[in-house]
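First the structure, in the form of structure tokens, and then the observations on it.
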Amino acid sequence: MESQKVRIFDTTLRDGEQTPGVSITPEQKLNVAIKLAELGVDTIEAGFPVVSDGEKEGIKNIVKQKLDTEVCVLARTVKADIDSALDCGVDYVHTFIATSDIHMQYKLKMSREQVMEKALWAVEYAKSHGLKVEFSAEDATRSDRKFLIDVFKAVTDSGADRIDIPDTVGYSTPEYITSLVQELRSKMNTPISVHCHNDFGLAVANSIAAINSGASCAHVTINGLGERAGNASLEEFVMALQCLYSKKHNIKVNLLYEISKFVSNTMGVVVQPNKAIIGENAFGHESGIHTHGVLNNPLTYEPISPELVGRKRWLQAGKHAGAHGIRAILIDFGIQPTEEQLHKIIEKQKDLGDKGKSVTTSQLLSIASEVMGNTKFEEKFKLYDFHIITGMNIIPTAVIRLNAHGKDLVASDTGVGPVDAALKAIQKIAVDMANIRIREYRLGSITGGSDAMAEVTIKAEDLDGNVVSSRKSGEDVVVASVEAMIDAVNKLMLRKVLYSKN
Ligand code: MN
Numbered sequence: 007m008e009s010q011k012v013r014i015f016d017t018t019l020r021d022g023e024q025t026p027g028v029s030i031t032p033e034q035k036l037n038v039a040i041k042l043a044e045l046g047v048d049t050i051e052a053g054f055p056v057v058s059d060g061e062k063e064g065i066k067n068i069v070k071q072k073l074d075t076e077v078c079v080l081a082r083t084v085k086a087d088i089d090s091a092l093d094c095g096v097d098y099v100h101t102f103i104a105t106s107d108i109h110m111q112y113k114l115k116m117s118r119e120q121v122m123e124k125a126l127w128a129v130e131y132a133k134s135h136g137l138k139v140e141f142s143a144e145d146a147t148r149s150d151r152k153f154l155i156d157v158f159k160a161v162t163d164s165g166a167d168r169i170d171i172p173d174t175v176g177y178s179t180p181e182y183i184t185s186l187v188q189e190l191r192s193k194m195n196t197p198i199s200v201h202c203h204n205d206f207g208l209a210v211a212n213s214i215a216a217i218n219s220g221a222s223c224a225h226v227t228i229n230g231l232g233e234r235a236g237n238a239s240l241e242e243f244v245m246a247l248q249c250l251y252s253k254k255h256n257i258k259v260n261l262l263y264e265i266s267k268f269v270s271n272t273m274g275v276v277v278q279p280n281k282a283i284i285g286e287n288a289f290g291h292e293s294g295i296h297t298h299g300v301l302n303n304p305l306t307y308e309p310i311s312p313e314l315v316g317r318k319r320w321l322q323a324g325k326h327a328g329a330h331g332i333r334a335i336l337i338d339f340g341i342q343p344t345e346e347q348l349h350k351i352i353e354k355q356k357d358l359g360d361k362g363k364s365v366t367t368s369q370l371l372s373i374a375s376e377v378m379g380n381t382k383f384e385e386k387f388k389l390y391d392f393h394i395i396t397g398m399n400i401i402p403t404a405v406i407r408l409n410a411h412g413k414d415l416v417a418s419d420t421g422v423g424p425v426d427a428a429l430k431a432i433q434k435i436a437v438d439m440a441n442i443r444i445r446e447y448r449l450g451s452i453t454g455g456s457d458a459m460a461e462v463t464i465k466a467e468d469l470d471g472n473v474v475s476s477r478k479s480g481e482d483v484v485v486a487s488v489e490a491m492i493d494a495v496n497k498l499m500l501r502k503v504l505y506s507k508n
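Going by this note's numbering, the sequence shown opens with residue 7, and the numbers climb by one from there.
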């Protein structure tokens, strides 16, 4: 038996990189691997070396780094692939061949006997070169059960160290994988991994069912990346194991949010806002009833504390926000309205919400200043207008007119594109006045098509280390970016003005 802790085999750099449209450089691969090792994964599947020279180079860089985690690579049951693994300097190979009739007939064009022969050859060849071997029967969950078990038994007898059940097209149910793992457990002692895909949204549930019936390891990816609908998401799997099943693992869960964002940025795949654990909304509250509950005791509407996974709770000043939520946001800025003032603020803020506008924190503060007659928390930056010249073979240039601290100012700058030019122009004033800079810029599209809604998130920081984030969406990427930047600057300046006067 391997250790009682559930092993986390991370395949972000292999299956995750096979996400449609994703491809990363060898240097980016190394950076992700370093983060995965910090996170505490037991195995990093670093790639599929036979695919390209760049892939092989990326894997070699990871091996050279001598991370405190196992590094493994993928290989078909053919000599070129296993030699390519050996060439990378790894000591652990994950070799696979399909065992389902549909794959054998239409893809491999091989009989069961030929598949068995290839599998055994690969395990023996890899073992004879000193490699640790994990054997995957691709499409295991759609394979003839008796043949599948014969293959697993035979590779075990040939020296495979671990066997893996890939639910290649996400076709398994928790019940089926439970019975399959139990049967394998009763027939052999080889440690069992599972590799579940999310085509029916069951990847995490299937992985957990497998662990509960005797598997010791699951293949997972950061943000659930992977072919088609992706693999079991590491964050969801680990947190469910820990919180719902009291299972042990080696993951430093307080790093989950950070690595999720890092991988999202590196791979260019936006995390859906309502994704469990790591989605932007996973610890956000807008409705009055929920906000009230959470402010009294967070466990009323949060299953776990956001800090556990390296996050913070946030309250939205939208039209569903109740008095308690709005008051909490204002208090966070040091503003204490009377009951009557609070009532007026909420009325005005709901008005905006009913017009379909999402109310930002700085707008809420602006409303509060209007109601309370206190100019110190008015928005400090007010945009008048801007224009941009962009095209091909010209330098994108932006001119911005705004009022900052009561002064009318004009700034212009050039950039690599229109967004860059506009944000640089605003930053010129922001840096000048309050040392505020952009720390992070993210762009996602909410809908498809050339008129897609763009969603921009900007994180800005000042010299005192205050960081705020602002999100804006709209059909025009440049307008949304400019609005998000102005809002972020306002939030930071208000925070500074209000707190320094306390
Ligand atoms: Mn896969």
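The C-beta atom is built at its ideal place from N, Cα and C for all residues, glycine as well. Treat the numbers as computed from the prediction; the structure is a model and nothing was measured.
- Taking a cut-off of 8 Å for Cβ pairs, the stretch 135-148 and the stretch 103-113 touch, as three or more such pairs fall below it.
- Linking L305 to G331 through their CA atoms gives a straight-line distance of about 16 Å.
- Nearest C-alpha to K66 among S487, S90 and Q248: S90.
- Nearest to H411 by alpha-carbon distance, out of A427, I401 and A440, is A440.
- The residue among T403, V416 and P32 with its C-alpha nearest the C-alpha of D59 is P32.
- Residue pairing by DSSP places D16 opposite I50 and V226 in a beta bridge.
- A residue is called buried when at least 16 other Cβ atoms come within 10 angstroms of its Cβ; S368 meets this threshold and is buried.
- Within its own chain, the residues whose Cβ lies closer than 8 Å to the Cβ of A486, once the five positions on either side in sequence are excluded, are A460, E461, V462, K478, S479 and G480, listed in chain order.
- Using a cutoff of 6 Å, the CB of D16 does not count as near the ligand MN, since none of the ligand's heavy atoms is closer than that.
- The beta carbons of L42 and T18 sit about 7 Å from each other, so the pair counts as a contact at 8 Å.
- In the DSSP annotation of this structure, the continuous segment of the beta strand (DSSP E) that includes G450 starts and ends at R443 to S451.
- In this structure, the CA atom of P343 is about 40 Å from the CA atom of E241.
- If you keep only unbroken beta strand (DSSP E) runs of at least 3 residues inside the stretch 64-135, you get 76-82 and 98-104.
- Pairwise C-beta distances place the stretch 43-52 out of contact with the stretch 285-301, as fewer than three of them are shorter than 8 Å.
- P55 is not a Cβ neighbour of E63, given a cutoff of 7 Å.
- Between the beta-carbon of H326 and that of E286 there is about 17 Å, and that puts the pair past the 8 Å contact cut.
- In the three-state scheme derived from DSSP, where H, G and I count as helix and E and B as strand, H296 is classed as helix.
- A distance criterion of 6 Å places the beta-carbon of D21 in contact range of the ligand MN, judged by its closest non-hydrogen atom.
- Secondary structure remark: continuous alpha helix (DSSP H) runs of at least 4 residues inside the stretch 357-435, in chain order: 367-378.
- In the three-state DSSP reduction, E481 falls in the coil class, being neither helix nor strand.
- The beta-carbon distance between A215 and F15, rounded to whole angstroms, is 17 Å. This is too long to meet the 8 Å contact definition.
- DSSP links G290 through a beta bridge to W320.
- Closest by C-alpha distance to T196, out of I217, V175 and D170, is D170.
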